[in-house]
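Taking it in order: structure first as structure tokens, then the write-up.
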Amino acid sequence: MSTSELRIRIGADGRIECRKGDAAPALTLDPDFFGSPESAEAQRALGRFVFALLQGVSPADASDEAPAEPAFDPNSPGALYQSFVDLQNRALTEYSGSLLSLAEQSLQRSAAAGFEQAIEALKDWPTIKGVASMMIARGPENR
391 MSTSELRIRI GADGRIECRK GDAAPALTLD PDFFGSPESA EAQRALGRFV
441 FALLQGVSPA DASDEAPAEP AFDPNSPGAL YQSFVDLQNR ALTEYSGSLL
491 SLAEQSLQRS AAAGFEQAIE ALKDWPTIKG VASMMIARGP ENR
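Going by this note's numbering, the first residue of the sequence shown is number 391, and it counts up by one from there.
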């Protein structure tokens, strides 16, 4: 293979990699086939090639697929901690004591489940809650 050839590889995830040299087993192309990159003919040739390539690609069998990710569990410790962060931010932007209480509940549940970030945040929560409660009580007019 000459050093001017390109090697194209289509991964199982659909990514297309383009390399020069002998880096990976793949389809080889001579860039000169497509002509000057700026020319309209080169663009048309490349377009024809891509469409022809895509027509020859068949869907992978179900057995080739990667294992499915586990379903999202809103009650997992990580999700509860993220809920705490989101609710705390909303409480401060919306000046809502009830959202702050919901945030605290999510933090406590996440920490009780052993989520390390929640356990650390719970140590500082009394101070943070005090400051947040004062900000909420002042409201948007007295920032």
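Quick reminder that beta carbons are idealized off the backbone N, C-alpha and C, glycines included.
Small disclaimer: the values here were computed from a predicted structure and weren't measured.
Just to confirm the assignment, what range does the alpha helix (DSSP H) spanning residue i have?
i, result
"residue 523", "506–528"
"residue 476", "467–484"
"residue 496", "487–502"
From the DSSP output, in three-state form, read off residue i for me.
i, result
"residue 461", "coil"
Buried or exposed for residue i, please, with buried defined as at least 16 other CB atoms from any protein chain shown within 10 angstroms of its CB.
i, result
"residue 494", "buried"
"residue 392", "In this prediction, residue 392 has a pLDDT of 48, which is less than 50 and means its spatial position is unreliable; what the coordinates show is noted afterwards. Under this definition residue 392 is an exposed residue."
"residue 505", "buried"
"residue 501", "buried"
"residue 473", "buried"
"residue 496", "buried"
"residue 340", "This structure does not reach residue 340, given that the chain is present from 391 up to 533, and the question cannot be answered."
"residue 516", "exposed"
"residue 430", "exposed"
"residue 508", "buried"
"residue 461", "exposed"
Between the options, which has its C-alpha nearest residue i's C-alpha?
i, options, result
"residue 464", "499, 438, 531", "499"
"residue 489", "512, 526, 431", "526"
"residue 483", "438, 461, 522, 512", "522"
"residue 477", "438, 519, 461, 434", "519"
"residue 524", "485, 512, 467, 471", "485"
"residue 470", "487, 461, 492, 481", "492"
"residue 512", "528, 481, 475", "475"
Could you tell me if the beta carbon of residue i falls within a distance shorter than 7 Å of some heavy atom in the ligand GDP?
i, result
"residue 486", "Of ligands this structure carries none, so the ligand GDP is not represented either."
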